[in-house]
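Protein sequences, first through last, are from chains W and P.
For the first sequence, the numbering used here gives the first residue as 17, with consecutive numbering after it.
For the second sequence, the numbering used here gives the first residue as 157, with consecutive numbering after it.
Glycine is no exception: its CB is placed at the ideal position from the N, C-alpha and C atoms.
Below: one structure, written as structure tokens.
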Amino acid sequence: MESQPSPSQRLLSELKSQGFRLFCTLPDIWTTEIIDLLRADPEVIHVPLAREEEGIGICVGASLAGTPSAMIIQNAGFFNCIGTIASMPLRYEVPFLLLISYRGLWGEDKPFHVHKGMYTEPLLQALGLTYKLVSSPEELVAAVPDVWRQAQFSQRPMAILMSREALGA
Amino acid sequence: MTMFRKECLEILAEKVRDEIVVTNLGYAAGWWLKLKPRDGNFYLHDSMGMASSVGLGIALALPQKKVIVLDGDGGLLLNLGILVTMAEKSPPNLIHLLFNNRCYESSGGQCLVNVEKTDFVALAKGAGIANAQEVKTPAEFEAAIEFALRQPGLAFLSARIEPEGTPMPDFPLTPAEIKFHFQSYIRSLGK
Chain W
17 MESQPSPSQR LLSELKSQGF RLFCTLPDIW TTEIIDLLRA DPEVIHVPLA REEEGIGICV
77 GASLAGTPSA MIIQNAGFFN CIGTIASMPL RYEVPFLLLI SYRGLWGEDK PFHVHKGMYT
137 EPLLQALGLT YKLVSSPEEL VAAVPDVWRQ AQFSQRPMAI LMSREALGA
Chain P
157 MTMFRKECLE ILAEKVRDEI VVTNLGYAAG WWLKLKPRDG NFYLHDSMGM ASSVGLGIAL
217 ALPQKKVIVL DGDGGLLLNL GILVTMAEKS PPNLIHLLFN NRCYESSGGQ CLVNVEKTDF
277 VALAKGAGIA NAQEVKTPAE FEAAIEFALR QPGLAFLSAR IEPEGTPMPD FPLTPAEIKF
337 HFQSYIRSLG K
């Protein structure tokens with residue numbers, strides 16, 4: 017019997033089928049598998065980051081150069097990006113995808129992540145970034161084309177907030 | 157012998173053919189727009205420190221095009237980790253050109269942190285960018301940029317310059333105009 021693809025395998029395959037080619041990542045324990053898959057995939061450009069904010073510039077550059085791009089980061093890493101999101105992709109109107117592991121809310125097992133859970137959605141709202149919260153692997157895969165279409169229509173970056181269950185972590 | 161950013165950019169403007177140029181904000185954007193206005197430029201309006209990241213993204217997306225980043229020392233300090241990320245990917249088509257004037261000239265000339273002790277070439281080499289060097293005269297600059305344009309390989313070039321002491325050139329383009337021109341250029345490449 018063939019084994020079922022994991023949530024991360026399904027996510028990567030959906031991202032690739034939507035045309036995403038460049039991925040900036042900084043690990044969270046929940047995103048270990050998807051990052052391992054990206055590192056091993058010769059069909060994508062995987063850019064491991066030293067700090068998340070760099071990735072905003074890299075995604076803007078790649079997207080402007082015609083290569084759809086996405087960031088896979090933790091919500092704490094999203095906090096590191098706020099000034100640059102405001103001053104670059106929102107000003108120049110450049111769409112890309114932010115895939116954010118939503119630590120500190122449902123499914124959290126570490127108390128120190130809780131404050132990040134509290135501030136994540138208010139900060140996305142403050143920037144006017146549209147986002148979709150997903151809580152199962154099925155919702156995650158379905159959100160990719162939906163959110164990407166909206167991002168392209170509006171020429172803005174958009175986010176998917178991924179729960180632990182969505183990532184199968 | 158002293159060197160100024162404007163004379164380096166005048167030399168660069170003579171050399172640039174179909175390379176993509178990503179500029180930092182302030183003087184770099186202003187002078188480059190005056191010296192070499194063209195669709196293949198992408199100017200930062202704000203987002204100090206991000207020129208290197210944008211250039212890296214473009215270089216990875218368009219491996220057949222040479223990309224030149226015009227960065228400043230203050231900008232690089234805001235985004236120092238990019239040296240490691242650049243070294244990890246080492247795109248052979250990227251030239252990271254640093255203007256080292258030891259001050260925040262575009263915001264009023266205030267002194268840079270740790271001025272005169274920071275060795276940016278050593279930082280780049282320490283990050284793993286083997287092809288990193290400092291140039292101090294226009295002749296050295298010209299030779300180094302010619303070499304970097306001709307040879308494939310990630311290059312980090314730190315130009316030790318003096319503050320301009322002249323008013324910042326006007327920069328009339330809006331982000332929408334910058335994006336429109338740059339994307340016309342990308343479309344002309346068949347992307």
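_Suppose contacts are defined by Cβ-Cβ distances below 7 Å. Is leucine 236 of chain P in contact with leucine 310 of chain P by that definition?_
No. Outside cutoff.
*Looking at chain P, which residues of the stretch 59-74 of chain W have a Cβ within less than 8 Å of any of its Cβ atoms?*
Correct list: Ile61, Val63, Pro64, Leu65, Ala66, Arg67, Glu69, Glu70, Gly71, Ile72, Gly73 and Ile74.
*Scan the stretch 183-210 of chain P for residues whose Cβ lies nearer than 9 Å to a Cβ of chain W and list them as they occur along the chain.*
Answer in chain order: Phe198, Leu200, His201, Asp202, Ser203, Met204, Gly205, Met206, Ala207, Ser208, Ser209 and Val210.
*Residue from P/Leu200, P/Lys162, P/Gly211 and P/Ala215 with nearest C-alpha to lysine 190 of chain P*: From the listed residues P/Leu200, P/Lys162, P/Gly211 and P/Ala215, the smallest Cα separation to lysine 190 of chain P is found for P/Lys162.
_For methionine 134 of chain W, the first and last residue of its enclosing beta strand (DSSP E)_ = Looking at the DSSP string, methionine 134 of chain W is not in any beta strand (DSSP E); the run it does join, the alpha helix (DSSP H), is 130-143.
*Using only alpha-carbon positions, find the residue among P/Val277, P/Glu296 and P/Leu216 that is nearest to alanine 288 of chain P.*
Proximity to alanine 288 of chain P across P/Val277, P/Glu296 and P/Leu216 peaks at P/Val277, based on C-alpha coordinates.
*Same chain only: Cβ atoms within 7 Å of threonine 83 of chain W, ignoring 5 sequence neighbours per side*: These residues qualify, in order along the chain: Arg37 and Leu38.
*asked:* What does the Cβ neighbour count give for arginine 306 of chain P, buried or exposed, with the cut at 16 atoms within 10 Å?
replied: It is exposed - the Cβ of arginine 306 of chain P has fewer than 16 other Cβ atoms within 10 Å.
*Touching or not, the stretch 195-214 of chain P and the stretch 315-324 of chain P, by the rule of three or more beta carbon pairs under 8 Å?*
Short answer: they don't touch.
_Can you give me the C-alpha to C-alpha distance between lysine 335 of chain P and arginine 173 of chain P, rounded to a whole angstrom?_
Per the coordinates, the alpha-carbon of lysine 335 of chain P lies some 20 Å from the alpha-carbon of arginine 173 of chain P.
*Counting only beta-carbon atoms, is methionine 104 of chain W nearer than 7 Å to chain P?*
Chain P, which has a Cβ nearer than 7 Å to the Cβ of methionine 104 of chain W, makes this yes.
*Have a look at the DSSP bridge pairing and note the partners of histidine 62 of chain W.*
Paired residue(s): W/Phe39.
*What residues of chain P sit near leucine 80 of chain W, judged by a beta carbon separation below 9 Å?*
Chain P residues near leucine 80 of chain W: Phe198, Val210, Gly213, Ile214, Ala217, Lys335, Phe338, Gln339 and Ile342.
*Identify every residue that forms a DSSP beta bridge with serine 85 of chain W.*
Serine 85 of chain W is bridged to W/Leu38.
_For chain P, check one thing: does any of its Cβ atoms lie closer than 7 Å to the Cβ of glutamate 100 of chain W?_
First, the residue type needs correcting, since residue 100 of chain W is threonine and not glutamate in the sequence shown. True, the Cβ-Cβ gap to chain P drops below 7 Å.
*Count the other C-beta atoms from every protein chain shown that fall within 10 angstroms of the C-beta of glycine 265 of chain P, then say buried if there are 16 or more, exposed otherwise.*
Burial call: exposed.
_Is it buried or exposed, serine 85 of chain W, if we count other Cβ atoms within 10 angstroms and call 16 or more buried?_
Counting of Cβ neighbours within 10 angstroms places serine 85 of chain W among the buried residues, the total reaching 16 or more.
*Using DSSP with H/G/I as helix, E/B as strand and the rest coil, what is isoleucine 7 of chain W?*
The structure shown does not extend to residue 7 of chain W, since chain W spans only 17 to 185, so no value can be given for it.
*DSSP three-state call for glycine 290 of chain P: helix, strand or coil?*
Sequence check: residue 290 of chain P is glutamate here, not glycine. DSSP places glutamate 290 of chain P in the strand class (E or B) of the three-state scheme.
_Using CA atoms only, rank isn't needed, just tell me which of P/Ala184, P/Gly211, P/Pro248 and P/Ala286 is closest to glycine 230 of chain P._
Minimum Cα distance to glycine 230 of chain P is reached at P/Ala184.
*Do leucine 65 of chain W and leucine 42 of chain W have their CB atoms nearer than 7 Å?*
If you check the CB distance, leucine 65 of chain W and leucine 42 of chain W come in under 7 Å.
*Could you check the C-alpha separation between serine 7 of chain W and glutamine 339 of chain P for me, to the nearest Å?*
In the structure as shown, chain W starts at 17 and stops at 185, and residue 7 of chain W therefore has no counterpart that could be examined.
*asked:* Within 7 Å of any Cβ in chain W, is that where the Cβ of glycine 282 of chain P sits?
replied: Taking Cβ atoms only, chain W never reaches closer than 7 Å to glycine 282 of chain P, which makes this a no.
*Tell me where the beta strand (DSSP E) around valine 172 of chain P begins and ends.*
From DSSP, valine 172 of chain P is part of no beta strand (DSSP E); its letter is neither H nor E.
*Got a sec? Which residues, its chain only, sit under 8 Å from serine 344 of chain P by beta carbon, not counting five neighbours each side?*
Closer than 8 Å at Cβ, skipping near neighbours: Asp195.
*If you scan the stretch 195-260 of chain P from start to end, which runs of the beta strand (DSSP E) of 3 or more residues do you find wholly inside it?*
As for any beta strand (DSSP E) of minimum length 3 sitting wholly inside the stretch 195-260 of chain P, the runs are 197-199, 223-228 and 250-256, ordered along the chain.
*Kindly indicate which residue of W/Gly35, W/Ile72, W/Asp162 and W/Thr47 has the alpha-carbon position closest to the one of glutamate 59 of chain W.*
The candidate whose alpha carbon is nearest that of glutamate 59 of chain W is W/Gly35.
*Is isoleucine 285 of chain P close to chain W, meaning its C-beta is less than 7 Å from at least one C-beta of that chain?*
For isoleucine 285 of chain P, the answer is no, since every Cβ of chain W falls outside 7 Å of its Cβ.
*Check whether the stretch 61-75 of chain W touches the stretch 210-219 of chain P, taking contact to mean three or more Cβ pairs, one atom from each stretch, closer than 8 Å.*
Below 8 Å, enough C-beta pairs join the stretch 61-75 of chain W and the stretch 210-219 of chain P to call them touching: three or more.
*asked:* Could you check whether the stretch 286-305 of chain P touches the stretch 166-184 of chain W, counting it as contact only if at least three pairs of C-beta atoms, one from each stretch, sit closer than 8 Å?
replied: Contact between the stretch 286-305 of chain P and the stretch 166-184 of chain W is absent, because fewer than three Cβ pairs lie under 8 Å.
_Residues of chain W with CB closer than 7 Å to the CB of alanine 261 of chain P, please, in chain order._
A small fix is needed here, since residue 261 of chain P is glutamate in this sequence, not alanine. Per Cβ cutoff of 7 Å: no residues; glutamate 261 of chain P is ~20 Å from chain W at best.
*Would you tell me roughly how many angstroms separate the C-alpha atoms of valine 130 of chain W and asparagine 91 of chain W, rounded to the nearest one?*
If I take the Cα positions, the gap works out to 11 Å.
*Would you mind working out which of W/Asp44, W/Gly133 and W/Tyr108 sits nearest serine 79 of chain W, comparing C-alpha positions?*
Scanning W/Asp44, W/Gly133 and W/Tyr108 for the CA closest to the CA of serine 79 of chain W turns up W/Tyr108.
*Taking only beta-carbon atoms, is tyrosine 108 of chain W less than 7 Å away from chain P?*
Yes, tyrosine 108 of chain W counts as interfacial toward chain P.
_Considering Cα atoms alone, identify which of W/Val150, W/Ile116, W/Leu106 and W/Leu156 is closest to arginine 172 of chain W._
Of W/Val150, W/Ile116, W/Leu106 and W/Leu156, the residue nearest in Cα terms is W/Leu106.
_Suppose you measure from the CA of glycine 123 of chain W to the CA of glycine 282 of chain P; what does that come to, to the nearest Å?_
Taking C-alpha positions only, glycine 123 of chain W is separated from glycine 282 of chain P by approximately 41 Å.
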